[in-house]
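Residue numbers (my numbering): 1 to 62.
I have placed the structure first, in the form of structure tokens, so that the comments after it can refer back to it.
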């Protein structure tokens, strides 16, 4: 699954031999699209906790 996702969404993955031989790609538009993906924008400001209220309940003494 990881391989398929990288091939389809990552602009730096070079699948064909011709693309691999091209060296450094100047595909700034694809890179911008990849870095500004809607899921990345959604989780950018979020906390890293899965369930913050449950974690707080068990870890914060009251």
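We put the beta carbon where it would ideally sit given N, CA and C, even for glycine.
From a predicted model like this one, the values you see are computed outputs, not experimental measurements.
Taking the Cα positions, residue 33 is about 40 Å away from residue 58. The three-state secondary structure of residue 2, taken from DSSP, is helix. Where residue 52 is concerned, the enclosing alpha helix (DSSP H) starts and stops at 52–59. Straight through space, the alpha carbons of residue 4 and residue 38 are spaced by roughly 19 Å. In the three-state reduction of the DSSP assignment, residue 45 falls in the coil class, being assigned neither a helical nor a strand state.
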